[in-house]
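Have a look at the structure below, then the notes.
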Amino acid sequence: MWQGDVHSSRFLRAPCPVVYLMPDPMTSSFVEIRQAMPSDLKAWAGMRHALWPTTAAAAHEAELRQQAGSKLFIGFMALQDGAPVGFAEVFVRPFANGCDSRPVPFLEGIWVDPAFRRQGIARKLVNACEDWARGRGFREIGSDTEVSNGASLEAHGAWGFKETERVVYFRKTLD
Ligand SMILES: CC(C)(COP(=O)(O)OP(=O)(O)OC[C@H]1O[C@@H](n2cnc3c(N)ncnc32)[C@H](O)[C@@H]1OP(=O)(O)O)[C@@H](O)C(=O)NCCC(=O)NCCS
Numbered sequence: 009m010w011q012g013d014v015h016s017s018r019f020l021r022a023p024c025p026v027v028y029l030m031p032d033p034m035t036s037s038f039v040e041i042r043q044a045m046p047s048d049l050k051a052w053a054g055m056r057h058a059l060w061p062t063t064a065a066a067a068h069e070a071e072l073r074q075q076a077g078s079k080l081f082i083g084f085m086a087l088q089d090g091a092p093v094g095f096a097e098v099f100v101r102p103f104a105n106g107c108d109s110r111p112v113p114f115l116e117g118i119w120v121d122p123a124f125r126r127q128g129i130a131r132k133l134v135n136a137c138e139d140w141a142r143g144r145g146f147r148e149i150g151s152d153t154e155v156s157n158g159a160s161l162e163a164h165g166a167w168g169f170k171e172t173e174r175v176v177y178f179r180k181t182l183d
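The numbering of the sequence shown is the numbering used here, which starts it at 9 and goes up by one.
Pasting the structure below:
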């Protein structure tokens with residue numbers, strides 16, 4: 009699975025696949041949340057491209073392949089009747105702004121197909137990330153988003169995240 013470098017014995021625990029089945033009362037179809045598998049690579053990369061469009065889908069796919077086997081990285085997929093409609097991924101960072109513990113799991117990305125938003129799918133993906141982190145002994149999880157991303161800010165609050173700090177990035181060309 010998507011797990012690798014061992015920094016601590018807690019990463020050695022066997023991966024426990026997290027599966028949630030969520031019935032949609034309108035359609036009686038099911039949303040499945042489960043760990044990403046090698047067969048998800050293309051779809052996962054495509055969804056990553058939708059979230060981070062400045063990187064080509066092929067480059068996302070290559071990056072995901074590099075992460076294969078990392079114990080510090082995990083991805084979860086949301087599937088509607090077997091078709092991917094969202095993903096979330098966590099990387100265990102050495103440290104993260106606003107978090108107390110080091111290392112600390114960090115919600116690096118989360119995306120749900122616009123047609124499936126406001127149905128609680130991202131919340132389920134976040135729950136799966138939390139369960140994964142909890143199962144490895146972590147007691148907090150960090151995340152970030154752009155200040156202009158109102159939906160994400162609202163959603164983070166709804167998922168139980170507390171805002172810790174705001175940061176402005178700068179850049180200066182060195183001639
Ligand atoms: C942010 C995102 C992942 C939320 O996905 P989602 O599946 O719609 O989220 P949920 O259904 O779990 O929403 C849970 C709660 O978050 C809040 N929320 C979610 N989207 C919201 C929006 N557009 N406006 C206001 N509140 C919102 C609501 O309180 C919602 O509960 P409710 O629907 O019962 O009111 C989705 O909008 C998305 O993919 N956006 C583009 C990518 C992105 O910005 N990712 C985050 C930064 S990496």
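Ideal placement from N, C-alpha and C gives every residue a C-beta, glycine not left out.
So is Trp-10 buried or exposed if we call it buried at 16+ other beta carbons inside 10 Å? Low per-residue confidence applies at Trp-10: pLDDT is 38, beneath 50, and the placement is therefore not dependable, though the value from the model is reported in the following sentence. That one is buried.
Could you pull out every residue in the same chain whose Cβ sits closer than 7 Å to the Cβ of Glu-148, ignoring the five residues on either side in sequence? Excluding sequence positions up to five before and after Glu-148, its CB lies within less than 7 Å of the CB of Cys-107, Asp-108, Ser-109 and Val-112, all in the same chain and listed in chain order.
In whole angstroms, what is the alpha-carbon distance linking Met-85 and Asp-183? The C-alpha of Asp-183 is placed about 44 Å away from the C-alpha of Met-85.
Trp-119 bridges to which residues according to DSSP? The bridge partners DSSP lists for Trp-119 are Phe-95.
Would you decide whether Arg-144 is buried or exposed? Buried here means 16 or more other CB atoms lie within 10 Å of its CB. Per the 10 Å Cβ criterion, buried.
Sequence-distant residues of its chain with Cβ nearer than 8 Å to Trp-60 (five each side left out): For Trp-60, the CB contacts under 8 Å within the same chain, skipping 5 residues up- and downstream, are His-68 and Gly-117 in chain order.
Quick one: grab the DSSP three-state call for Glu-173. Secondary structure of Glu-173 (DSSP, three-state): coil.
Report the CB separation of Ala-163 from Ala-130 in whole angstroms; it is logged as a contact under 8 Å. Ala-130 and Ala-163 do touch by the CB rule: their CB atoms are close to 6 Å apart, below 8 Å.
Can you say whether Phe-81 is buried or exposed, counting buried as having 16 or more other CB atoms within 10 angstroms of its CB? Phe-81 sits buried, since 16 or more C-beta atoms from the chains shown fall within 10 Å of its C-beta.
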